[in-house]
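To start, the structure under review is shown below, and the notes come after it.
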Amino acid sequence: MERLKQKILSDGRVLNGYVLKVDNFLNHQLDVELLDEMGQAFAERFAGEKVDKILTIEASGIAVAVMAARYFGNVPVVFAKKTESLNLDAEAYEADVFSFTKQKVSRVRVSKRYLLEGERVLIIDDFLAHGHAARGLISLTRAAGAIPVGLGIVIEKGFQGGRDVLADSGVRIESLAILDSIEDGQVRFR
Ligand code: 5GP
10 MERLKQKILS
20 DGRVLNGYVL
30 KVDNFLNHQL
40 DVELLDEMGQ
50 AFAERFAGEK
60 VDKILTIEAS
70 GIAVAVMAAR
80 YFGNVPVVFA
90 KKTESLNLDA
100 EAYEADVFSF
110 TKQKVSRVRV
120 SKRYLLEGER
130 VLIIDDFLAH
140 GHAARGLISL
150 TRAAGAIPVG
160 LGIVIEKGFQ
170 GGRDVLADSG
180 VRIESLAILD
190 SIEDGQVRFR
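Heads up: the sequence shown begins at 10 in my numbering, then just goes up one per residue.
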């Protein structure tokens, strides 16, 4: 998606050599128009795919998932939660996700009420790096007996191996921008 790439080049900042900070349009302040274009782009990439529900993970996946849902017939958006909640935990699917940026494992949960057997689920997230978050979301989906029909990613860091890690899942991956490298603070696209 060309406009996204331009925005990454103009507004993205590189931290610690490999973390791309896109706080002013995706991760903190939200560029609504650009998010809307992302939603539309996901609908084009997954055109013809029946989607009953979109699954994402809090917090940064929510905005783009909601925008995408507008282009998939306003299907519900469910977000996996990272915090424990007494009334959720008894009846929830759970997965452990290792965060490379935070260097810790956190448990993510979705209530069994919101992922149902046979539902066709499109998974959307802001970044794909090592593939841990996506793997967790695919596992939650399958635990419910639902079908992960695709993985839509805004920014894939192609040099961190997530796509390979997920290859055995058989889930189709569509990324709106793929970074080939981040070197000396410079982002290079594939
Ligand atoms: P993975 O689980 O694929 O290793 O990493 C994906 C998750 O880590 C995303 O949900 C995102 O929150 C975070 N993440 C990984 N790399 C980056 C990055 O370069 N920039 C930002 N903003 N988040 C990242």
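Every residue, glycine too, gets a C-beta built ideally from N, C-alpha and C.
query: What residues in its chain sit with their C-beta under 7 Å from that of residue 143, if we drop five residues either side in the sequence?
result: Mapped onto the sequence shown, residue 143 falls at position 134. Cβ contact annotation for residue 143 (same chain, cutoff 7 Å, sequence separation greater than five): 132, 134, 137, 160, 171, 175, in chain order.
- request: Taking the CB atoms as reference points, tell me whether residue 62 and residue 123 lie closer together than 9 Å.
  value: Locating residue 62 in the sequence shown gives position 53, where the first residue counts as 1. Locating residue 123 in the sequence shown gives position 114, where the first residue counts as 1. Taking the C-beta atoms as reference points, residue 123 is found nearer than 9 Å to residue 62.
message: Could you check whether the segment 112-126 touches the segment 86-95, counting it as contact only if at least three pairs of C-beta atoms, one from each stretch, sit closer than 8 Å?
response: Enough Cβ pairs lie closer than 8 Å, so yes.
For residue 152, the nearest candidate out of 130, 167, 196 (CA to CA): In the sequence shown, counting from the first residue as 1, residue 152 sits at position 143. With distances taken between Cα atoms, residue 152 lies closest to 130.
message: Under 8 Å: does the beta carbon of residue 173 sit that close to some heavy atom of the ligand 5GP?
response: Indexing the sequence shown from 1 puts residue 173 at position 164. Result no, Cβ not under 8 Å from the ligand 5GP.
- prompt: Straight-line CA distance for residue 27 to residue 183?
  reply: As a first step, residue 27 is located in the sequence shown; it is residue number 18 there, counting from the start. As a first step, residue 183 is located in the sequence shown; it is residue number 174 there, counting from the start. So the alpha carbons of these two residues sit roughly 21 Å apart.
query: Secondary structure at residue 121, three-state DSSP: helix, strand or coil?
result: For the purposes of this step, residue 121 is identified with residue 112 of the sequence shown, where counting begins at 1. The answer is helix: DSSP assigns residue 121 an H, G or I state.
message: What I want to know is whether the C-beta of residue 4 ends up closer than 8 Å to one or more non-hydrogen atoms of the ligand 5GP.
response: Nothing in the structure corresponds to residue 4, since the chain is present only between 10 and 199.
- prompt: Going by beta carbon distance, what residues of the same chain come within less than 8 Å of residue 67, once the five residues before and after it are set aside?
  reply: Here residue 67 corresponds to residue number 58 of the sequence shown, with the count starting at 1. Listed in chain order, the non-local C-beta contacts of residue 67 below 8 Å within the same chain comprise 88, 89, 90, 91, local neighbours out to five positions each way being set aside.
- prompt: Tell me, which residues are paired with residue 184 by DSSP?
  reply: Walking along the sequence shown from the start, residue 184 turns up at place 175. Looking at the DSSP assignment, residue 184 forms a beta bridge with 162.
message: I'd like the list of long-range same chain contacts for residue 198, defined as Cβ closer than 7 Å, with 5 residues on each side in sequence excluded.
response: Locating residue 198 in the sequence shown gives position 189, where the first residue counts as 1. Cβ neighbours of residue 198 beyond the five flanking positions: 14, 186, 187, 188, 189.
message: For a test of the three-state rule: what should DSSP assign to residue 190, helix, strand or coil?
response: The count along the sequence shown starts at 1 and reaches residue 190 at position 181. Looking at residue 190 - three-state DSSP - the assignment turns out to be strand.
- prompt: To the nearest whole angstrom, what separates the beta carbons of residue 158 and residue 60, a pair I think is in contact under 8 Å?
  reply: Within the sequence shown, residue 158 is the residue found at index 149, counting from 1. Within the sequence shown, residue 60 is the residue found at index 51, counting from 1. So it is a contact: roughly 6 Å between Cβ atoms.
Nearest-angstrom beta carbon gap, residue 29 and residue 162 [assumed within contact, 8 Å]: Translated into the one-based positions of the sequence shown, residue 162 becomes position 153. Translated into the one-based positions of the sequence shown, residue 29 becomes position 20. Not quite, the Cβ-Cβ distance comes to about 13 Å (not below 8 Å), so this is no contact.
- prompt: So what does residue 108 bridge to, in DSSP terms?
  reply: Counted from its first residue, the sequence shown places residue 108 at position 99. As computed with DSSP, residue 108 is found in a beta bridge with 113.
- request: Give the straight-line distance between the Cα atoms of residue 179 and residue 121, rounded to the nearest whole angstrom.
  value: Along the sequence shown, one-based indexing puts residue 179 at 170. Along the sequence shown, one-based indexing puts residue 121 at 112. For residue 179 and residue 121, the distance between alpha carbons rounds to 24 Å.
query: Where DSSP assigns a beta bridge to residue 138, which residues make up the other side?
result: Walking along the sequence shown from the start, residue 138 turns up at place 129. Paired residues: none, contrary to the question.
field: residue 145 vs residue 104 beta-carbon contact at 9 Å
entry: Within the sequence shown, residue 145 is the residue found at index 136, counting from 1. Within the sequence shown, residue 104 is the residue found at index 95, counting from 1. Taking 9 Å as the cut-off, the beta carbon of residue 145 is found closer than this to the beta carbon of residue 104.
query: Which of the three DSSP states, helix, strand or coil, is assigned to residue 65?
result: In the sequence shown, the residue the question calls residue 65 occupies position 56. DSSP places residue 65 in strand when its eight states are reduced to three.
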